[in-house]
Each structure stands twice: as C-alpha cells, then as structure tokens.
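Written out below as structure tokens is the structure these notes cover.
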C-alpha cells in the first residue's frame, strides 16, 4: 500500500534510485502544487516524491504553495510525509553536511497561507501543535540512521525564516537567544499544514552552511552546494534504511 511521500528541498530535486512508474497532476482548491507528483518504487516500496521548489528548483521559499502541496498528497491517500530541507547551523555542535532531526520549530515567516481553516467554517478550528513532528516517524528515522551508520542530532529546534535572502548576523544572534539550533526557510507552514490534515510528518534537516556570523567568512553558494551534495548522499542512505520500516 502506498502511503509514504518524500518532499525534497534544495539539493534534492530528484530522488536517486527511484524507479519512476508515473506522474500525476493534482488540482487542488488552493491552486497548483509545485509540480506533478512522481510515483515510483524505492527499495521495493511504492513512494511518492514531490520537490517543493519545483522540478527545476525555480520556486523561492516564500512563493511555494504549501497548501496545494500538502492537500494533493492527502488527496491521493498519503498518510506519512518525510520532508528534507537544507538548513544553516546556528549551534556549534552541528557541522556542515551533517543531518539533524528537528523536534521543535519557531515560526518567523509571514504572508504565507498558514492554514486550511480560513473560509466557510462552521466554527473556528484550533489544532494542537505542542510537538510539531510525529514522534513515531521520528523514531523510525532514528532507527534508520543507526542502521545506516549515521549520526543524527534529535534535539534540534528549527527557526523558520521568510527568505529568500539569507539572514543577518544579528538575526541569527536573535534566533540563538530564542533557542533555535538551525535556520531554514521552508519548515513553516509545511509542518502545521500537515498537522491540520492529520498527516504523520517529520523533517530531515541537512546542514548546508554555518549560519550568518557563525563561520569565518561570508556564506558562498558554491560552498553550500558542495556541502549539500555530501549531506544529500547521507539522506539517500538514510532513506534506504527507512523504506523497509514504514
């Protein structure tokens, strides 16, 4: 039974070793998803893959139609979502190219479609978001990481910023004071929309760079790309171990 979707971020616009069987265009009440959904076989199991920035990585973080993406996955019967995202490291404990498993998130974004519960409501809907990521799916990811021989920090708080620009050093100082360990641009509203749809959702954060003011020099895109290539290869190893568990 097909119930797992993988959302790819920067550095993961295609899924290596996915034996593609078909693609599907899904229309939603919230507009079009980032691209057609890709169905395929991965490690003997059918999964669905969706790159959130589009197949050509052309959609910036603040322009992604998060509602359409999650609604489309729910419509086709997906119940579990593993999201992959590039992040900057705020904590000195997280080196570039390492993987992290966020357990909390702080939202600094604005102007995005943050909820499905806005129009034609019988009553106002509030969802519990105390723990934003699915504990069962996180535990499976930790088991998969151990089986793959990968270390993965599981104590991480993700700070979601607006983008597409990178942050200032002062902004990173603020995020650190707030308790953030990594910073990214796509963690919200993706996580809360998954919760509203009752999807089991967890995120794999790939450390692409040291956040602003944390490294010895300015952030260079060429360096980010190199770090992501190494990190995404770890993600692929992790997914190979995860698929048989779900």
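Residue numbers (the working numbering): 2 to 247.
Just so it is clear, CB atoms sit at the ideal spot from N, CA and C, and this is done for glycine as well.
Residue i to residue j, Cα distance in whole Å?
i           : j           : result
residue 148 : residue 241 : 10 Å
residue 156 : residue 53  : 25 Å
residue 185 : residue 162 : 6 Å
residue 223 : residue 120 : 44 Å
residue 122 : residue 56  : 34 Å
Can you find the residues in the same chain that come closer than 7 Å, C-beta to C-beta, to residue i, ignoring five residues on each side of it along the sequence?
i           : result
residue 118 : 126, 197
residue 37  : 24, 25, 26
Following the continuous beta strand (DSSP E) through residue i, name the residue where it begins and the one where it ends.
i          : result
residue 38 : 38–43
Apart from the five residues on each side of it in sequence, which residues of its chain come closer than 6 Å, Cβ to Cβ, to residue i?
i           : result
residue 85  : 9, 10, 13, 205, 236
residue 153 : 100, 102, 146
Can you look up residue i in the DSSP assignment and give me helix, strand or coil?
i           : result
residue 137 : helix
residue 156 : strand
residue 176 : helix
residue 192 : helix
residue 94  : coil
residue 101 : strand
residue 51  : strand
residue 23  : strand
residue 70  : helix
Can you list, in chain order, the residues of its chain whose CB lies under 8 Å from that of residue i, leaving out five sequence neighbours each side?
i           : result
residue 22  : 40, 41, 42, 47
residue 181 : 91, 107, 158, 159, 160
residue 143 : 102, 153, 155
residue 165 : 61, 62, 63, 186
Hey, could you find the ends of the alpha helix (DSSP H) residue i is sitting in?
i           : result
residue 224 : 222–243
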